[in-house]
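Asks:
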Amino acid sequence: MFILARESFASVENVVSQENCLWRWIKFLCLGLIAVNSQAVRAEDGKNPTRPNVIFIMADDLGYTDLGCFGSRYYETPHIDQLARQGVRFLNHHHCQNCAPTRAAIMTGQYGPRTGVYTVGSIDRFDWQSRPLRPVENVEKLPLDPATIAQQVQRSGYQTGMFGKWHLGLNGSYHPSQRGFHEAVESSGQHFNFKTTPAQKDTEGKYLADYLTDRAIDFIERHQSEPFFLYLPHFGVHSPFQAKKEWIEKFENKPGVGGHRNPVYAAMIASVDESVGRILDKLDELKLADKTVVIFASDNGGVGGYEREGLHKANDVTDNAPLRSGKGSLYEGGTRVPLIVRWPGVAPAGVECRTPTIHVDLYPTFLEITSAEHPGHPLDGESLVKLIKDPGAKLHREAIFQHFPGYLGSGQNQWRTTPVSLIQSGDWKLMEFLEDGRLELYNLTSDVGEQKNLAATYPDKVNELQSRLKAWREEIKAPMPAKNASPSESNNGVRKGRASQKKSQKGKAKAAASSED
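Heads up: the sequence shown begins at 1 in full-length UniProt numbering, then just goes up one per residue.
Have a look at this one:
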């Protein structure tokens with residue numbers, strides 16, 4: 001455009017005097033075009049600090065209705081509610097049923113069958129030997145070959161930082177500091193007297209959510225003059241249930257509402273909300289709010305809803321009602337999570353989006369926001385920027401999927417889930433349970449609590465969705481659990497052979513509550 005503009009000047013000068021008003025007007029227009037083009041070139045420059053900053057805050061085990069802006073009348077989340085009033089609430093967003101697979105999907109933009117990360121730990125964490133199927137082996141560390149979203153954003157010129165729970169491998173090349181984050185401090189497991197990797201000297205006497213927020217704010221202050229990508233994955237509100245005394249006292253005498261009534265858990269939520277408030281205040285103080293996209297979510301459903309499923313020793317700490325079940329289940333209570341996006345000047349304020357979305361959408365969304373390049377490996381999601389700008393817009397894809405070829409227990413002979421695959425397309429959700437081929441069909445618009453199985457009522461819809469689900473599994477090469485030839489004999493043999501091992505691990509097992517990942 002610059003060359004064309006210069007040629008335009010030359011041709012005009014041959015016929016019009018520079019003193020002529022027409023010449024001056026044409027020259028003004030051409031210079032304006034040159035300026036616009038120069039700004040566009042600068043905007044495409046990967047190191048241009050005018051690109052928006054991105055802050056992604058993710059709570060751990062926070063249920064869908066655990067926020068005021070998502071329905072709670074007991075927990076108090078004024079700062080997250082403020083964020084929702086200023087941005088878009090995604091009401092139909094889904095993550096995996098527990099921690100690690102969600103984080104793997106977000107970091108790679110890929111469904112579990114591509115990464116092999118389906119759950120936490122090995123398949124022997126639960127007594128699958130008593131069941132009809134042998135689970136697919138679980139990958140416990142995020143494979144090194146797919147480029148993480150942090151690596152792609154870093155390559156595009158962003159400063160990258162992560163402070164909190166990683167849960168995808170901590171040794172050597174698996175540590176987040178080797179996966180695209182310029183700065184990374186990992187900590188999870190305790191809220192008081194916590195340890196960090198790498199070890200830090202300034203943790204004594206601090207509450208983990210406060211400490212991680214301190215580190216995040218320090219990162220923002222040091223990189224306020226350049227584009228940054230900040231990932232703040234809190235360990236709150238995961239067990240053990242530990243909170244600051246002043247927050248517990250605030251809720252001790254407050255009457256519970258429904259399944260929301262635990263003052264310690266409420267206090268933990270308050271600390272996460274306090275963290276969000278401090279981040280928002282810092283952005284205002286540094287005049288960065290208009291230049292920063294802030295995203296808030298949870299990694300999976302809340303630890304509750306089990307008693308309604310007949311899991312009587314599951315120790316509900318919250319309730320995801322009206323959603324069914326909770327963390328560890330692939331019913332909506334285990335996978336539907338709050339997602340909030342504030343993007344000043346781009347996202348409308350205080351609106352809702354009901355389009356089904358899922359974890360693998362976040363990677364391409366971050367790519368588009370930051371103008372980072374495609375990583376070269378397959379991406380299974382679709383950018384949500386279109387929906388962020390216009391919550392009524394339509395995505396290109398027609399369905400989202402989940403595939404869990406394993407077991408998650410909840411006490412002896414109790415199961416939060418058995419192997420299952422699912423497809424959600426528009427209002428419809430089909431679940432195919434892999435032990436016996438059982439099919440469950442729900443209309444999530446009229447029955448968000450998944451109480452009425454419509455499989456027998458709508459056989460054509462079942463056939464359509466099941467065909468699409470099978471085609472997706474074939475396309476993505478999803479491994480299926482194998483038949484367990486003799487469950488009862490296998491169970492007895494394993495119990496005899498591992499008696500001493502289980503005895504030695506009894507203490508650990510006792511410490512791992514039903515809310516364990």
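Even for Gly, the Cβ is constructed at its ideal location relative to N, Cα and C. Quick caveat: nothing in here was measured; it's all calculated off a predicted structure.
Is serine 371 near arginine 155, with beta carbons less than 8 Å apart?
Replies: Sequence index remark: in the sequence shown, residue 371 carries index 371 (1-based). Sequence index remark: in the sequence shown, residue 155 carries index 155 (1-based). No, the Cβ-Cβ distance between serine 371 and arginine 155 is not below 8 Å.
Asks: Answer with buried or exposed for aspartate 517, where buried requires no fewer than 16 other C-beta atoms within 10 angstroms of its C-beta.
Replies: Sequence index remark: in the sequence shown, residue 517 carries index 517 (1-based). Buried: at least 16 other Cβ atoms inside 10 Å.
Asks: If we count the other Cβ atoms within 10 Å of its Cβ and call it buried at 16 or more, is phenylalanine 366 buried or exposed?
Replies: The sequence position of residue 366 within the sequence shown is 366, counting from 1. When all chains shown are included, phenylalanine 366 counts as buried.
Asks: Based on the DSSP output, what are the partners of arginine 336 in its beta bridges?
Replies: Within the sequence shown, numbered from 1, the residue matching residue 336 stands at position 336. DSSP lists His94 as partners of arginine 336.
Asks: Determine the closest residue to glycine 68 out of Ser187, Arg89, Met107, Ile388, with distance taken between C-alpha atoms.
Replies: As a position in the sequence shown, residue 68 is number 68, starting the count at 1. Here the closest residue by C-alpha is Arg89.
Asks: Based on the DSSP secondary-structure assignment, which residues constitute the bridge partners of valine 294?
Replies: Indexing the sequence shown from 1 puts residue 294 at position 294. Note: valine 294 sits in a beta bridge opposite Ile55, Arg342.
Asks: So who's on the other strand from residue 597, going by DSSP bridges?
Replies: Missing from the structure shown is residue 597; the chain here goes from 1 to 517 and no further.
Asks: Quick one: grab the DSSP three-state call for tryptophan 25.
Replies: As a working note, residue 25 is residue 25 in the sequence shown. Since pLDDT at tryptophan 25 reaches only 39, below the 50 mark, its modelled position is unreliable, and the value read off the structure follows with that caveat. Reduced to three states, the DSSP call for tryptophan 25 is helix.
Asks: Ignoring anything shorter than 4 residues or poking outside the segment 348-381, list the alpha helix (DSSP H) runs there in chain order.
Replies: 362-370
Asks: Does the Cβ of asparagine 262 have 16 or more other Cβ atoms within 10 Å, making it buried, or fewer, making it exposed?
Replies: Position 262 of the sequence shown holds residue 262. Under this definition asparagine 262 is a buried residue.
Asks: Would threonine 102 be called buried (16 or more neighbouring beta carbons within 10 Å of its own) or exposed?
Replies: Taking the sequence shown and counting its residues from 1, one reaches residue 102 at position 102. That one is buried.
Asks: Sort Ile149, Gln129, Val264, Gly333 by Cα distance to isoleucine 248 and report the nearest one.
Replies: Here residue 248 refers to the residue found at position 248 when the sequence shown is read from its first residue. Answer by Cα proximity: Val264.
Asks: Can you name, in chain order, every residue of its own chain whose Cβ lies under 6 Å from the Cβ of histidine 238, other than the five neighbours on each side?
Replies: Indexing the sequence shown from 1 puts residue 238 at position 238. Cβ neighbours of histidine 238 within its own chain (closer than 6 Å, five residues either side excluded): Asp60, Asp61.
Asks: With 16 as the cutoff for other CB atoms within 10 Å, does valine 257 come out buried or exposed?
Replies: Here residue 257 corresponds to residue number 257 of the sequence shown, with the count starting at 1. Classification for valine 257: exposed.
Asks: Thinking C-beta only, is proline 113 closer than 8 Å to histidine 377?
Replies: If you number the sequence shown from 1, residue 377 lands on position 377. If you number the sequence shown from 1, residue 113 lands on position 113. No; because the gap between Cβ atoms is not below 8 Å, this pair is not in contact.
Asks: Would you tell me roughly how many angstroms separate the C-alpha atoms of lysine 386 and aspartate 361, rounded to the nearest one?
Replies: For the purposes of this step, residue 386 is taken as residue 386 along the sequence shown, with counting starting at 1. For the purposes of this step, residue 361 is taken as residue 361 along the sequence shown, with counting starting at 1. Each residue's Cα considered, the two are about 12 Å apart.
Asks: For glutamine 200 and serine 173, I'd like the C-alpha separation in whole angstroms.
Replies: Along the sequence shown, read from residue 1 onward, the residue named residue 200 stands at position 200. Along the sequence shown, read from residue 1 onward, the residue named residue 173 stands at position 173. Distance between the alpha carbons of glutamine 200 and serine 173: 20 Å.
Asks: Is the beta carbon of glycine 164 closer than 8 Å to that of glutamate 91?
Replies: Taking the first residue of the sequence shown as 1, we reach residue 91 at position 91. Taking the first residue of the sequence shown as 1, we reach residue 164 at position 164. It should be pointed out that residue 91 corresponds to leucine in this sequence rather than to glutamate. Taking 8 Å as the Cβ cut-off, leucine 91 and glycine 164 do not qualify as a contacting pair.
Asks: Note down, in chain order, each residue of its chain lying with its Cβ closer than 6 Å to the Cβ of aspartate 316, except the 5 sequence neighbours on either side.
Replies: Taking the first residue of the sequence shown as position 1, residue 316 is located at position 316. The residues are Gly304, Tyr306, Glu307.
Asks: For my contact list, threonine 318 and aspartate 66 are in at a C-beta cut-off of 8 Å; report their separation, rounded to the angstrom.
Replies: Taking the first residue of the sequence shown as position 1, residue 318 is located at position 318. Taking the first residue of the sequence shown as position 1, residue 66 is located at position 66. Indeed, because the Cβ distance is near 6 Å, the residues count as touching under 8 Å.
Asks: Compare the beta carbon distance of asparagine 138 and tyrosine 118 with 8 Å and say whether it is the shorter of the two.
Replies: Here residue 138 corresponds to residue number 138 of the sequence shown, with the count starting at 1. Here residue 118 corresponds to residue number 118 of the sequence shown, with the count starting at 1. Cβ distance < 8 Å, so asparagine 138 and tyrosine 118 count as in contact.
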